[in-house]
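**Q** What follows is a structure written as structure tokens; I'll ask about it next.
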Amino acid sequence: MSVKIILLALETLLLFLFLVPLPVICSGNLLGIIVSVMLMIITANWTKFCGIISKIWGHGAGKFGLIFVSTLILAGIIYVGILSILMYKAQENRPEKANVIVVLGCQVKGERPSRMLRRRLDAAITAMNDNPDTLCIVSGGKGDDEKISEALAMKNYLLEKGMDSDRIIMEDKSTSTYENIQNSLKILDELGMSMI
């Protein structure tokens, strides 16, 4: 088996990992799809790619440009790698006792949470079951392509799974992750709770 086939197989696997969350599109998986496809095109046309790079490298400005672009790409890979490791480790960093859980919104299909949002809600259910006095803030407004707000879809899902409605607080005004967090913090302030 040639190196080219092995690389194409790995790049196809990488592409698949970024396609899994579809139809939910965010900048992270969109960038991953683009990079995976670019890597596949480069690998499939390796000889041509090397020829183009050699021509660019032959010019002074081209040499500087390649070094600059390569440095940016390397810095991006290192940043994404470190961020991914930190996010992976954060999954295991659970507080001993949680007073409040904040579930950030994600795409709703019709009136049902998307697969990614259901995974967040299932994690919240586990935490709520482990901490019977814990409140849950479901945060997310209504997108243009959604029938109901993300917060209402999340609340309905939690109720279907047997969670008590008194433990669920809806924040249905936010339209971005920043607003999710900002509005959820306001609710915590109103409840006299802190994040720590």
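Residue numbers (this note's numbering): 892 to 1087. Virtual Cβ for every residue (Gly too), placed ideally from N, Cα, C. Being a predicted model, the structure only gives us computed values, none of them experimental.
1. List in chain order: all unbroken alpha helix (DSSP H) runs of 4+ residues lying wholly within the region 980 to 1019.
2. Which residue marks the beginning of the beta strand (DSSP E) containing Met1045, and which one marks its end?
3. Around the C-beta of Gly942, are 16 or more other C-beta atoms found within 10 angstroms, so that it is buried, or is it exposed?
4. On the CB-based measure, 16 or more other CB atoms within 10 Å of its CB, does Asp1063 come out buried or exposed?
5. Determine whether the beta carbon atoms of Tyr1048 and Leu995 lie at a separation below 8 Å.
6. Quick test of your reading: Ser1075 and Val971, contact by CB under 8 Å. State the CB separation rounded to the nearest angstrom.
7. Throw me the rounded Cβ distance for the Ile1028 and Val991 pair, which I believe falls under 8 Å.
8. Is Cys941 helix, strand or coil when you go by DSSP?
9. Would you check if there are 3 or more beta carbon pairs closer than 8 Å linking the region 1018 to 1026 to the region 960 to 980?
10. What is the rounded straight-line gap between the Cα of Lys895 and the Cα of Met1061?
11. Along the alpha helix (DSSP H) that carries Val928, what are the first and last residues, could you check?
12. Can you tell me the Cβ-Cβ gap for Met1045 and Gly1031, rounded? I've got them flagged as a contact below 8 Å.
13. How long is the line joining the alpha carbons of Ile1016 and Arg1010, rounded to whole angstroms?
14. Is it the case that the region 895 to 911 contacts the region 919 to 933, given that we only count it when at least three CB pairs across the two stretches are under 8 Å?
15. Taking its Cβ as the centre, do 16 or more other Cβ atoms sit within 10 Å of Ile968, making it buried, or is it exposed?
16. Using DSSP with H/G/I as helix, E/B as strand and the rest coil, what is Leu913?
**A** Taking the geometry as given:
1. none
2. Indexing the sequence shown from 1 puts residue 1045 at position 154. Taken as a continuous stretch (DSSP letters only), Met1045 belongs to no beta strand (DSSP E), being part of the alpha helix (DSSP H) at Glu1041 to Glu1051.
3. Taking the first residue of the sequence shown as position 1, residue 942 is located at position 51. Gly942 should be labelled exposed.
4. Here the question's residue 1063 lines up with position 172 in the sequence shown. It is buried - the Cβ of Asp1063 has at least 16 other Cβ atoms within 10 Å.
5. Residue numbering aside, residue 1048 sits at position 157 when the sequence shown is read from its first letter. Residue numbering aside, residue 995 sits at position 104 when the sequence shown is read from its first letter. It is not a contact, given that the beta carbons lie outside the stated cut-off.
6. For the purposes of this step, residue 1075 is identified with residue 184 of the sequence shown, where counting begins at 1. For the purposes of this step, residue 971 is identified with residue 80 of the sequence shown, where counting begins at 1. Actually they do not touch by this definition, with Cβ atoms about 26 Å apart.
7. Within the sequence shown, the letter at position 137 stands for residue 1028. Within the sequence shown, the letter at position 100 stands for residue 991. Correct: roughly 6 Å between the Cβ atoms.
8. Working through the sequence shown from its first residue, we reach residue 941 at position 50. Helix.
9. no
10. Your numbering for residue 895 matches position 4 in the sequence shown. Your numbering for residue 1061 matches position 170 in the sequence shown. Looking at the two C-alpha atoms, the distance is approximately 51 Å.
11. Position 37 of the sequence shown, counted from the start, is the residue given in the question as residue 928. First-last of the alpha helix (DSSP H) with Val928: Ser918 to Ala935.
12. In the sequence shown, the residue the question calls residue 1045 occupies position 154. In the sequence shown, the residue the question calls residue 1031 occupies position 140. Yes, Met1045 and Gly1031 are in contact; Cβ-Cβ is about 7 Å, under 8 Å.
13. Here residue 1016 refers to the residue found at position 125 of the sequence shown. Here residue 1010 refers to the residue found at position 119 of the sequence shown. About 10 Å.
14. yes
15. Sequence index remark: in the sequence shown, residue 968 carries index 77 (1-based). Per the 10 Å Cβ criterion, exposed.
16. As a working mapping, residue 913 is identified with position 22 in the sequence shown. Note: Leu913 maps to coil in three-state DSSP.
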